[in-house]
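Participant:
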Amino acid sequence: MRNPQLNGDGELQHLLTLEGLPAPVIDRILDTALPFVSIAERDVKKVPLLRGKTVFNLFFENSTRTRTTFEIAAKRLSADVINLNIGVSSTSKGETLLDTIDNLVAMNADMFVVRHAQSGAAHLIAQHLSAADRPHIHVINAGDGRHAHPTQGLLDLFTIRHYKKDFHGLTVAIVGDLLHSRVARSLIHGLTTLGTTEVRVIGPQTLLPTAIESMGVRVFHDMRTGLAGADVVVMLRLQSERMKGALLPSAGEYFKHYGLTMEKLALAKPDAIVMHPGPMNRGVEIDSAVADGAHSVILPQVTFGIAVRMAVMSMLAGN
Amino acid sequence: MISVAAADPAREGLPDAEATIAALAEKMGAAIADDAKLVGIYSGGAWLAERLAEILPGEHPVGFIDVSFYRDDYGKKGLRAKVATTTLPFEIGNSRIVLVDDVLYTGRSVRAAINELFDYGRPESIELAVLIDRGGRELPIEATYVGARVAVARDSSIVLQRHLDGRFELSVEPIESAPGA
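Take a look at the structure:
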């Protein structure tokens, strides 16, 4: 079966997940993002690629930051952007997801950016558009359930490549709540596709998916052992609601074992970079001294995220 | 004297690149402003701008422009692979700019480059220097300085190559798709 993200010519039609996306396609996205970085430094922070196109940000789940960066990316490409917080509109009146899409297609939508609590939502929309023979309408998954968040994975890859140049020879450690993290899942797929030498996951048993080794990673429960010699440390957000169930004893206890401090970071390589997808919980998964320290590339990640989203949108809209 | 290497079919009818660059530099040297800044259009024009800056009298800073984000065939062909980063290490506002390209054909790349320049500022003036003018314009654009005028078939393109030793060479290649130069 053909990869539903690629068209008949092997070009990117939708961006739904990094799983199964060929390395040349990922490389091309990262290469394309590079010239978009400098657009933000100009007087006129706009290029005309998506002029006259209409991008719908469909957020069935709240995320101010992701929605904002997609909105900025689309506007810098000169698209018209419509933000819909669907959680509080149509669906609460009983409209189905695909009826909502059909209505927006009738309003001449060119692209959908979809965030949904259900895994597979963006995929369902892409299939629906394909069945309706609408090959010129594109879908970007902006996070679906626990499944994938491909643009976050791509911006993480872009950041790593920016600071470390090459994935061969690199050791990347991903720390924290991998069980609920679509960010981690996307990043792991991307890292292994691009030939990263070693991908490690570090966390308590209760926050690691079973059989995660099958994704090609090494599992550590002791953070100090896992960080030893790492080139890149990716901290994941610990969602406070996880504390309420039986998964974790307390935030303080978590920080003691899996919070990143300067002392633990010293076990990684001297030139290691520290990443975090945000929003951060200072004092829960990361200490302020690390978050604001010389190793941190957390804010450049945000800046690169806009360039990466511009690259994805302009590649999709041109295919 | 510009020699023509008729023995090689790929270079048939084409002038020698090095001699044409010298001819172009001579025309420009006598005419461009002392404070003119060169902006080469990737990739052939970028190489040419670097070379011209070396041989033109005076100091002329060099910038590079990749017009991929401004091309008018994006809707038809999509975004090109290998987009380079536009690098203009000087103010565009109030500057005298000389755009540099290897081959002037339809004029569409130059239109895109002018549009992009204006997103950096309002230049005092823009001139255009090209190594080869092959005719076939589809827009009302003319070069200020021309190295040589050449006629080639519509289905072929003129390609400027830079060898490892820095030497330039012109050749004719079958066109891959619709003209866009």
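Sequence order for the protein chains is A and B. Residue numbers for the first sequence follow our numbering, so the first one is 65 and each next one is one higher. Residue numbers for the second sequence follow our numbering, so the first one is 1164 and each next one is one higher. Note that the Cβ used here is the ideal one computed from N, Cα and C, for glycine as well. Note that the structure is predicted; figures quoted are calculated from it, not measured.
For Asp166(A) and Asp197(A), I'd like the C-alpha separation in whole angstroms.
Facilitator: Approximately 12 Å, taken between the alpha carbons.
Participant: How about Leu1201(B) and Val1230(B): are their beta carbons less than 7 Å apart?
Facilitator: No, the pair does not count as a contact, with Cβ atoms beyond the cut-off.
Participant: By Cβ distance below 7 Å, which residues in the same chain neighbour Ile337(A) in space, the five residues on each side in sequence not counted?
Facilitator: Around Ile337(A): Tyr227, Val296, His359 and Val361.
Participant: Please state whether DSSP places Ile1204(B) in a helix, a strand or coil.
Facilitator: Correct three-state label for Ile1204(B): strand.
Participant: Taking all protein chains shown into account, do 16 or more other C-beta atoms lie within 10 angstroms of the C-beta of Met1164(B), making it buried, or fewer, making it exposed?
Facilitator: Low per-residue confidence applies at Met1164(B): pLDDT is 45, beneath 50, and the placement is therefore not dependable, though the value from the model is reported in the following sentence. With fewer than 16 Cβ atoms within 10 Å of its Cβ, Met1164(B) is classed as exposed.
Participant: Beta-carbon within less than 7 Å of Val281(A)'s beta-carbon, same chain only, minus the 5 sequence neighbours each way: which residues are those?
Facilitator: Correct list, in chain order: Ile252, Val263, Arg264 and Val265.
Participant: Do you know offhand how far Thr128(A)'s Cα is from Leu94(A)'s?
Facilitator: Their Cα atoms are separated by approximately 24 Å.
Participant: Once DSSP output is grouped into helix, strand and coil, what is the label at Thr260(A)?
Facilitator: It is coil, neither helix nor strand.
Participant: What are the start and end residues of the beta strand (DSSP E) that includes Val298(A)?
Facilitator: Taken as a continuous stretch (DSSP letters only), the beta strand (DSSP E) holding Val298(A) covers Val296 to Met299.
Participant: What would DSSP say about Val1167(B), mapped onto helix, strand or coil?
Facilitator: Any reading at Val1167(B) must be qualified, since the residue scores a pLDDT of 48, below 50, and its modelled position is unreliable; the value itself is stated next. Correct three-state label for Val1167(B): strand.
Participant: Note down, in chain order, each residue of its chain lying with its Cβ closer than 8 Å to the Cβ of Ile103(A), except the 5 sequence neighbours on either side.
Facilitator: Within the same chain, Ile103(A) has close Cβ partners Lys109, Lys110, Val111, Arg140, Ala371 and Met374.
Participant: Alpha carbon to alpha carbon, how far is Glu1181(B) from Phe120(A)? Give it in angstroms, no decimals.
Facilitator: Cα-Cα distance, rounded: 53 Å.
Participant: Determine the DSSP secondary structure at Gly1192(B), reduced to helix, strand or coil.
Facilitator: It is helical.
Participant: What residue range is occupied by the uninterrupted alpha helix (DSSP H) comprising Leu218(A)?
Facilitator: Note, Leu218(A): alpha helix (DSSP H), Pro214 to Lys228.
Participant: Short of 6 Å in beta carbon distance, which residues of its chain neighbour Arg1234(B), apart from the five on each side in sequence? Order them along the chain.
Facilitator: Same-chain partners within the cutoff: Ala1275.
Participant: Is it buried or exposed, Asn1257(B), if we count other Cβ atoms within 10 angstroms and call 16 or more buried?
Facilitator: That one is exposed.
Participant: So, helix, strand or coil for Arg179(A), using DSSP?
Facilitator: In this structure, Arg179(A) counts as strand in the three-state DSSP scheme.
Participant: Can you give the Cα-Cα distance for Ser378(A) and Leu1242(B), rounded to whole angstroms?
Facilitator: Distance between the alpha carbons of Ser378(A) and Leu1242(B): 7 Å.
Participant: Apply the 10 Å Cβ neighbour rule to Ile1218(B) and answer buried if 16 or more other Cβ atoms are within range, or exposed otherwise.
Facilitator: Ile1218(B) comes out exposed.
Participant: Spell out whether any CB of chain A is found under 7 Å from the CB atom of Phe1232(B).
Facilitator: So, interface residue.
Participant: Which same chain residues end up closer than 8 Å to Thr270(A) when comparing Cβ atoms and leaving out the 5 residues on each side of it in sequence?
Facilitator: Only Leu243, Ala310, Leu311 and Leu312 meet the Cβ criterion.
Participant: Could you name the residues that DSSP lists as bridge partners for Tyr1308(B)?
Facilitator: DSSP lists Ala1292(B) as partners of Tyr1308(B).
Participant: Residues of chain B with CB closer than 7 Å to the CB of Val108(A), please, in chain order.
Facilitator: Here the neighbours are Asp1282.
Participant: Under 7 Å, Cβ to Cβ, is there at least one residue of chain B near Val89(A)?
Facilitator: So no, Val89(A) is outside the interface.
Participant: Closest to Gln365(A) by CA distance: which of Asn345(A), Ser250(A) and Leu221(A) is it?
Facilitator: Out of Asn345(A), Ser250(A) and Leu221(A), Leu221(A) has the C-alpha closest to the C-alpha of Gln365(A).
Participant: Tell me where the alpha helix (DSSP H) around Asp163(A) begins and ends.
Facilitator: Start and end: Leu161 to Ala170.
Participant: If the cut is a Cβ gap below 8 Å, which residues of chain A does Asp1229(B) touch?
Facilitator: Within 8 Å Cβ-Cβ: Pro99.
Participant: Is it a yes or a no for the stretch 1288–1299 of chain B touching the stretch 1256–1270 of chain B, going by three-plus beta-carbon pairs under 8 Å?
Facilitator: The stretch 1288–1299 of chain B is in contact with the stretch 1256–1270 of chain B.
Participant: Leu1242(B) touches chain A at which residues, Cβ-Cβ below 9 Å?
Facilitator: Under the 9 Å cutoff, chain A gives Thr96, Leu113, Ala375, Ser378, Met379, Ala381, Gly382 and Asn383.
Participant: Find the nearest neighbour of Arg249(A) within the set Asn67(A), Leu80(A) and Gly74(A), judged by alpha-carbon distance.
Facilitator: For Arg249(A), the nearest C-alpha among the options comes from Leu80(A).
Participant: Consult DSSP for Asp1282(B) and reduce its assignment to one of helix, strand or coil.
Facilitator: Looking at Asp1282(B) - three-state DSSP - the assignment turns out to be coil, as it is neither helix nor strand.
Participant: Once you ignore the five residues that flank Glu1332(B) on each side, which residues in its own chain have a CB closer than 6 Å to its CB?
Facilitator: Cβ neighbours of Glu1332(B) beyond the five flanking positions: Ala1180 and Gln1324.
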